[in-house]
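Comments concern the structure below.
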Amino acid sequence: MNPAILTDITKCIGCRECVAACKVVNDTQADSPRRWSLDDGLSSDNWTSIVEREGEFVRKQCRHCLEPACVSACPVAALHVTEIGTVVYDSDKCLGCRYCMMACAYGIPRYDWDKAVPYVRKCILCHDRLMDGQQPACTEVCPTQATIFGNRDELIAEAKKRIAADPDKYDNHVWGEHEVGGTRILYLVPKNFDLSFMTYGQKLGEKALPQVTAPAMHAVPFAFLGMGGLMAGVHWIVKRRIELSKTDQDASKEEGGEHEQGA
Amino acid sequence: MNRVRNLKLVLWMLAGFGFAVGLTRFFFGLGATTNLGDGVPWGLWIGFDVMSGVALAGGGFVMTAIVYIFGREEYHPIVRPAVLTAFLGYVAVIFGLLFDLGLPWNIWHMIVFWNPHSPLFEVGWCVMLYTTVLLLEFSPVPMESSSAWAKIRATLIKIRIPLVITGIALSTLHQSSLGTLFMIMPYRVPVLWYSPILPILFFISAIGLGMLMVTFESHFTSYFYRRKPEIHLLKNLAGWSRWVLLLYLSVRIGDLAVRGQLDALTAQGWRTVWFWVEIVMMVGAPLVFFSVPKLRISRTGQWTGATLGVSGIVLNRINVGGFVHLDRGAGIYLPSFAELAITLAVVATLALIFLFFLERFHVWEERPVDPNAKPEALPEFDYASMVSLGAPSVASRYTRSLAFILAAALGFALLSDDVLTSKGFESNPVRAARGGDTLWVDGNRDNYGVAFPHSQHVKFVEEILTPGIEITDRENGGVSFASETEVPQYHDKAAICSQCHHMNLPGDQASGCYECHSDMYNISDSFGHDWHSETAGAGLSCFTCHQTGMAKNAESAKQCNECHDDLVPAYAAIEVEQYLAPGYTDAMHGMCQNCHKIHAEEVEKADLGRCTTCHTGQTREVIKRDQLNRWSNVPNNDITTFSSVR
Chain A
0 MNPAILTDIT KCIGCRECVA ACKVVNDTQA DSPRRWSLDD GLSSDNWTSI VEREGEFVRK
60 QCRHCLEPAC VSACPVAALH VTEIGTVVYD SDKCLGCRYC MMACAYGIPR YDWDKAVPYV
120 RKCILCHDRL MDGQQPACTE VCPTQATIFG NRDELIAEAK KRIAADPDKY DNHVWGEHEV
180 GGTRILYLVP KNFDLSFMTY GQKLGEKALP QVTAPAMHAV PFAFLGMGGL MAGVHWIVKR
240 RIELSKTDQD ASKEEGGEHE QGA
Chain B
0 MNRVRNLKLV LWMLAGFGFA VGLTRFFFGL GATTNLGDGV PWGLWIGFDV MSGVALAGGG
60 FVMTAIVYIF GREEYHPIVR PAVLTAFLGY VAVIFGLLFD LGLPWNIWHM IVFWNPHSPL
120 FEVGWCVMLY TTVLLLEFSP VPMESSSAWA KIRATLIKIR IPLVITGIAL STLHQSSLGT
180 LFMIMPYRVP VLWYSPILPI LFFISAIGLG MLMVTFESHF TSYFYRRKPE IHLLKNLAGW
240 SRWVLLLYLS VRIGDLAVRG QLDALTAQGW RTVWFWVEIV MMVGAPLVFF SVPKLRISRT
300 GQWTGATLGV SGIVLNRINV GGFVHLDRGA GIYLPSFAEL AITLAVVATL ALIFLFFLER
360 FHVWEERPVD PNAKPEALPE FDYASMVSLG APSVASRYTR SLAFILAAAL GFALLSDDVL
420 TSKGFESNPV RAARGGDTLW VDGNRDNYGV AFPHSQHVKF VEEILTPGIE ITDRENGGVS
480 FASETEVPQY HDKAAICSQC HHMNLPGDQA SGCYECHSDM YNISDSFGHD WHSETAGAGL
540 SCFTCHQTGM AKNAESAKQC NECHDDLVPA YAAIEVEQYL APGYTDAMHG MCQNCHKIHA
600 EEVEKADLGR CTTCHTGQTR EVIKRDQLNR WSNVPNNDIT TFSSVR
């Protein structure tokens with residue numbers, strides 16, 4: 000299926016129809032900034048938001064990475080990639096460690112900080128609607144087609160077409176095509192537009208984050224057996240040396256004893 | 000022996016205080032009690048309770064390795080306290096984690112739902128397994144006290160070597176995996192702390208810390224029980240720890256050099272300073288104190304060096320755990336009062352258990368005398384209450400219970416009700432209008448916009464809709480109402496303004512409701528039940544509002560607007576369905592876009608986001624891009640008409 004969303008920042012008029020539609024479809028509550036919120040409008044009840052920067056409107060939502068950091072971080076596999084590629088959350092499994100929130104390079108997952116039984120919340124790319132053959136609510140309602148749904152490869156081609164048609168308007172880069180291994184949410188960015196507010200201020204590399212931890216995780220069995228074997232070996236050698244020195248001592252004692260006897 | 004008694008009293012108080020605060024954390028949630036947030040999902044509880052707790056427990060695997068693997072039997076006197084510290088350290092980790100986890104009752108999920116890719120999954124399993132190993136390693140000590148356990152004890156001692164080896168291997172794994180946890184955050188952890196070899200750095204520092212922690216713990220307990228610490232053994236440990244930490248420093252700096260990040264050592268602002276504070280404490284202090292022979296064999300020298308070193312490594316774990324992370328507007332995180340109280344309570348509880356084991360069992364070669372176990376001592380008398388408290392052991396039980404309860408009461412008292420129930424909504428003062436008279440609305444931002452001349456609209460309202468009233472006081476830059484005494488007029492004017500303004504602050508794109516209605520999320524009793532039922536008030540009988548034969552509650556009562564039919568002004572543009580205030584988006588879209596959509600249908604799906612689709616008579620190119628969607632002062636003669644809306 001390879002679903003994806005292409006958001007053309009230059010076309011967004013900031014009407015927030017997508018935000019409203021998301022709330023209706025996902026049945027989330029009205030929300031306003033809290034003490035623990037970031038200033039990007041996302042929260043456990045706002046799964047998508049519009050951020051205004053430099054006169055542009057940028058829609059934020061979960062990027063649905065091809066190799067998501069949150070999925071690889073989750074110790075109980077509550078966050079997982081579905082067979083159609085969406086990144087969804089199983090609240091029954093979650094234990095609330097919030098490692099997913101730490102791991103996400105975009106800082107997307109949000110938490111029910113005000114609840115005694117809190118869950119992690121984020122955009123699920125309207126997974127159920129996709130399974131029903133519909134498109135996500137946000138792209139369906141967008142009045143200006145600033146955010147559109149489609150096949151990822153086709154959307155990348157479309158994005159490149161738009162860049163080629165108007166190279167002065169767009170940055171020559173489809174944001175999300177390769178970032179952290181590629182994401183399903185793609186952005187067309189106006190020329191010279193600073194996107195650093197979308198991450199922790201650093202430019203994202205192309206390596207998928209799970210692959211950064213993978214070497215360390217692969218080393219685990221070897222570290223366990225290696226250290227165990229090393230310790231067993233050292234123990235054996237040390238024990239043997241102590242035994243040897245003991246028999247030496249005994250032998251010398253015996254010798255000494257014989258000598259005494261002899262004397 | 001007053002030292003131990005006073006220490007215990009303080010520990011009981013800390014435990015009581017944290018108990019009270021800990022309860023509220025479970026009832027009101029993490030947001031109400033902590034300073035954690037979407038920008039800082041992990042705080043003190045992960046950095047200290049979990050990450051430092053595991054590191055501080057490093058003494059266990061280091062000491063068992065020295066004694067049982069490397070055969071240095073002379074260190075046997077400090078193995079038992081080290082293993083006990085490690086075991087209780089891990090119990091503290093699990094205990095502390097129960098407060099931090101959002102859904103702590105699901106902690107067992109790691110056993111059934113597997114994700115082997117997750118470093119946290121590995122850490123979780125190692126903690127479970129190693130805590131079991133430590134329990135088995137330590138349990139021969141309490142088992143000495145009864146012959147009933149002799150057989151099990153003998154078996155445990157027989158399998159000691161495999162246990163020790165498993166313990167060391169498990170420690171290796173998860174001391175290092177705590178570093179692996181942060182490898183997935185290259186864009187979040189600053190270069191001075193991030194490294195692709197974080198696991199190795201964590202492991203090396205855990206070995207050093209293990210040695211320092213044994214030294215620290217020995218001096219700490221020796222002070223309170225007035226015994227001699229094992230200075231002759233500790234001086235060697237301290238000496239070794241110095242080399243381990245020096246190795247750590249060279250690997251850490253070497254790693255920065257290999258990655259070409261050495262300039263970060265001088266040029267990262269407060270983080271650089273903080274980095275050097277950390278290094279001076281964790282490597283510098285042990286290096287100085289344990290290299291000078293005189294200091295190394297002195298009690299003060301060992302104690303100071305170890306304390307500074309231990310604090311330095313704790314600081315490192317807290318830093319990597321989140322304190323120094325790059326933030327996206329969340330600001331610097333400082334733990335809340337509740338986070339500190341709970342952390343202290345966890346430490347205090349485990350310290351009390353530690354002291355219990357010290358006094359009950361042969362953790363040391365010679366058991367310290369329980370300061371209360373003096374049957375010959377005279378009963379204690381409390382002069383304040385003129386009550387005999389009984390034998391010292393009984394008396395101290397009373398005082399400790401009292402300390403616990405009083406501290407718990409203080410904990411409850413200090414928790415602010417406002418904070419606990421506020422749900423985190425901050426009061427949002429109403430912002431002033433941003434000046435300027437004409438708004439250029441360039442919805443689709445193709446540089447063709449529609450002018451909205453505010454003054455002309457105001458004039459229209461003043462002269463045509465409600466002749467003879469003055470709405471705005473431009474001189475003072477805000478809305479003014481002609482006379483507050485003319486109440487009906489005041490209401491009219493407010494209503495007229497709000498027909499347009501009940502959407503956005505001027506010049507704003509999307510003002511939240513709360514920006515003007517700053518108290519809308521505050522819990523308030525909007526319906527004064529007492530006033531309605533009192534004779535001196537409205538004097539209504541129960542059944543004026545409630546239906547007969549039904550439980551008298553909000554559901555069975557009339558809606559407000561059934562009596563107060565003037566609550567929704569006739570001219571309100573927002574349809575109120577259930578007499579709940581509509582959310583901002585509903586209000587906004589009800590006001591503008593619903594109509595826009597209808598028009599769009601009429602004109603066969605014209606681009607409804609394009610303002611000029613409908614506003615045909617008013618378009619003109621906006622020269623300065625800065626003015627888009629902004630109020631600006633445009634000379635009135637520039638604006639011809641605004642009546643050409645199709």
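So the sequence lines, in the order shown, correspond to chains A and B. 0 is the number of the first residue of the first sequence in numbering that gives the first Met the number 0; add one for each residue after it. 0 is the number of the first residue of the second sequence in numbering that gives the first Met the number 0; add one for each residue after it. Built from N, CA and C at the ideal position, the CB exists for glycine as well. Model, not experiment: these values are computed from the prediction.
Measuring CB to CB, does residue i end up less than 8 angstroms from residue j?
| i | j | result |
| --- | --- | --- |
| L172(B) | P118(B) | no |
| C69(A) | P108(A) | yes |
| L185(A) | L154(A) | yes |
| A102(A) | L37(A) | no |
| L349(B) | A556(B) | no |
| V75(A) | F542(B) | no |
| Q60(A) | T81(A) | no |
| P285(B) | G308(B) | yes |
Which residue wins for smallest C-alpha separation from residue i, given the options the options?
| i | options | result |
| --- | --- | --- |
| Q133(A) | F148(A), P142(A) and V119(A) | F148(A) |
| V237(A) | S540(B), I65(B) and S249(B) | I65(B) |
| A649(B) | G300(B), S297(B) and F424(B) | The requested residue 649(B) is not part of the displayed model; chain B covers only 0 to 645. |
| V122(B) | G204(A), Q60(A) and C73(A) | C73(A) |
| L65(A) | M226(A), D193(A) and N1(A) | N1(A) |
| V3(B) | L351(B), S384(B), D254(B) and I199(B) | L351(B) |
| M216(A) | A205(B), L232(B), H231(B) and P198(B) | P198(B) |
| G227(A) | I183(B), S170(B), A237(B) and V282(B) | S170(B) |
| T220(B) | L314(B), D37(B), W302(B) and L133(B) | W302(B) |
| K22(A) | R97(A), R62(A), K159(A) and K121(A) | K121(A) |
What are the boundary residues of the beta strand (DSSP E) that includes residue i?
| i | result |
| --- | --- |
| W174(A) | Y169 to W174 |
| V188(B) | Looking at the DSSP string, V188(B) is not in any beta strand (DSSP E), and its letter there is neither H nor E. |
| R58(A) | E55 to K59 |
| D111(A) | Careful: D111(A) lies outside any beta strand (DSSP E) and carries neither H nor E. |
| I196(B) | Per DSSP, I196(B) belongs to no beta strand (DSSP E) and is neither H nor E. |
| I49(A) | S48 to R52 |
| L169(B) | L169(B) -> not in any beta strand (DSSP E); alpha helix (DSSP H) instead, spanning R159 to T179. |
| D381(B) | E379 to D381 |
| L185(A) | I184 to P189 |
Contact criterion: CB-CB distance below 8 angstroms. Does residue i meet it with respect to chain B?
| i | result |
| --- | --- |
| V211(A) | yes |
| L5(A) | no |
| L94(A) | yes |
| V237(A) | yes |
| I8(A) | no |
| A156(A) | no |
| Q263(A) | Residue 263(A) lies beyond the range of chain A shown here (0 to 262); nothing can be said about it. |
| T47(A) | no |
| D165(A) | no |
| D112(A) | Note that residue 112(A) corresponds to Trp in the displayed sequence, not to Asp. Output row for W112(A): interface = yes. |
| F221(A) | no |
| E257(A) | Confidence in E257(A) is poor, its pLDDT being 47 and thus under 50, which makes the residue's placement unreliable; the coordinate value appears in the next sentence. So no, E257(A) is outside the interface. |
| C125(A) | no |
| C137(A) | no |
| K73(A) | Note on residue identity: the sequence assigns Cys, not Lys, to residue 73(A). With 8 angstroms as the cut-off, C73(A) counts as an interface residue toward chain B. |
| P2(A) | no |
Would you say residue i faces chain A, with C-beta separation under 8 angstroms as the test?
| i | result |
| --- | --- |
| E338(B) | no |
| M182(B) | yes |
| W113(B) | yes |
| S415(B) | no |
| E121(B) | yes |
For the alpha helix (DSSP H) that contains residue i, what are its first and last residues?
| i | result |
| --- | --- |
| I162(A) | R151 to A164 |
| K293(B) | P292 to R295 |
Any alpha helix (DSSP H) of 4 or more consecutive residues that is wholly inside the region 205–284 of chain B: Segments of the alpha helix (DSSP H) lying fully in the region 205–284 of chain B: 230–257 and 269–278.
Which residue spans inside the region 55–101 of chain B form an unbroken alpha helix (DSSP H) run of at least 4? When DSSP assignments are scanned along the region 55–101 of chain B, the uninterrupted stretches of alpha helix (DSSP H) that are 4 or more residues long and fall wholly within it turn out to be 57–63 and 78–99.
Extract the residue ranges of the alpha helix (DSSP H) inside the region 1–88 of chain A, only unbroken runs of 4 or more that lie entirely within it. Those alpha helix (DSSP H) runs which fall completely within the region 1–88 of chain A and span 4+ residues are 16–25 and 68–72.
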